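Residue numbers (my numbering): 762 to 1072.
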Ligand code: C5P
């Protein structure tokens, strides 16, 4: 048993409050306009020193631990970029549903980048880590800043908004992982290319007025429901319950399969959760995290870098 430093960092989930797909790009990706929002549901990423090499451990049956895992690639890429000779052991405790459109894998990767940047004293910070994050995946850069932000290009050009959304959230996890690549492949087949977004910019220009949430849409929904027939059979009931209980908006997140409702009041969110559970759905409550809250939670976790006993 050796005494060693260890660092636990939270990796928060995101919702897409709206998502528009404009056209296919020359790099094969899709040009997006999306409104990202972090929520307080999180995985835990425990970082421990190793003399050399990267090792990832995770007890979730659907999460690989080799180079297919984004968290593994984040650690490996950062070590190469920073010419770090030491290694790291990364232990993931999953709470964010896997394949749920909530950005769990991308957030774990961003947490590894930020945590190891601190651990290895590289001093890159979010701006210095951005190019590495972008290479890992389209959703990873958002998690370097969090809060309410506009995502343009592949979803990887991030513009934090001045007014941050503050709301209560109910997320339904249908327990049916969906492949993002497969959903985008379906969308590509029936896309009418266009130059700009219809709803997201309108929403942002209205400066997040409560009543304008209903104009937001997720243009991946139809393709996601074709990919996930079980969800397709449930979506009417889920949306119906969320709307009946007073949701400001009810939508699929990302490419699914999670579905969420946004509420102005905690009591309404509680009632919606109870109604969903009574109807047999697995669901949970969360709150939005603003840019400032996200930043504060991050710096608190980094300053808590502790001394612990590890095998
Ligand atoms: O970037 P990431 O690996 O998370 O994306 C997963 C897949 O989703 C990509 O391989 C691509 O097929 C699709 N995608 C896309 N356009 C985007 C983001 C993702 O086509 N803007």
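The beta carbon of each residue, even a glycine, is placed where N, CA and C say it ideally should be. Values in this document were obtained by computation on a predicted structure and should not be read as measured data.
For residue 773, the three-state secondary structure derived from DSSP is strand. Restricted to the segment 957-983, the alpha helix (DSSP H) segments that are unbroken, complete and at least 4 residues in length are 961-966, listed in chain order.
In this structure, the CA atom of residue 1006 is about 14 Å from the CA atom of residue 1012. Pairwise C-beta distances place the segment 814-830 in contact with the segment 851-861, as three or more of them are shorter than 8 Å. Nearest neighbour of residue 1053 by Cα position, chosen from 927, 1065, 935, turns out to be 927. Runs of the alpha helix (DSSP H) lying entirely within the segment 985-1053, each at least 4 residues long, are 990-1005, 1027-1039 in chain order. In this structure, the CA atom of residue 846 is about 24 Å from the CA atom of residue 1065. Residue 807 and residue 800 have their C-alpha atoms roughly 20 Å apart. Between the segment 939-952 and the segment 781-794, the count of C-beta pairs closer than 8 Å reaches three or more; the two stretches touch. For residue 958, the CB stays at least 8 Å from every heavy atom of the ligand C5P. Look at residue 887 here: in three-state DSSP terms it is helix. In the three-state scheme derived from DSSP, where H, G and I count as helix and E and B as strand, residue 879 is classed as helix. For the pair residue 866 and residue 831, the CB atoms are nearer than the 9 Å cut-off. Excluding its 5 nearest sequence neighbours in each direction, residue 996 has C-beta neighbours in its own chain below 7 Å: 986, 1020, listed in chain order. For secondary structure counted as the beta strand (DSSP E) over 3 or more consecutive residues, the segment 907-963 holds these complete runs in sequence order: 909-913, 918-921, 929-933. One thing to note: residue 915 has its Cβ within 9 Å of the Cβ of residue 791.
For the ligand C5P, a non-hydrogen atom lies closer than 8 Å to the CB of residue 900. For the pair residue 863 and residue 775, the CB atoms are nearer than the 9 Å cut-off.
A direct Cα-Cα distance of roughly 24 Å separates residue 858 from residue 1057. A residue is called buried once 16 or more other Cβ atoms fall within 10 Å of its Cβ, and residue 844, having fewer, is exposed. Taking a C-beta distance under 9 Å as the contact criterion, residue 887 and residue 875 qualify as a contact pair. Here DSSP, grouped into helix, strand and coil, assigns residue 899 to coil. Looking at 793, 897, 940, 921, the one whose alpha-carbon comes closest to that of residue 984 is 940.
It is roughly 12 Å from the alpha-carbon of residue 1037 to the alpha-carbon of residue 1029.
Taking 8 Å as the cut-off, the C-beta of residue 790 counts as close to a heavy atom of the ligand C5P. Between the ligand C5P and residue 915, a heavy atom-to-CB distance of less than 8 Å is present.
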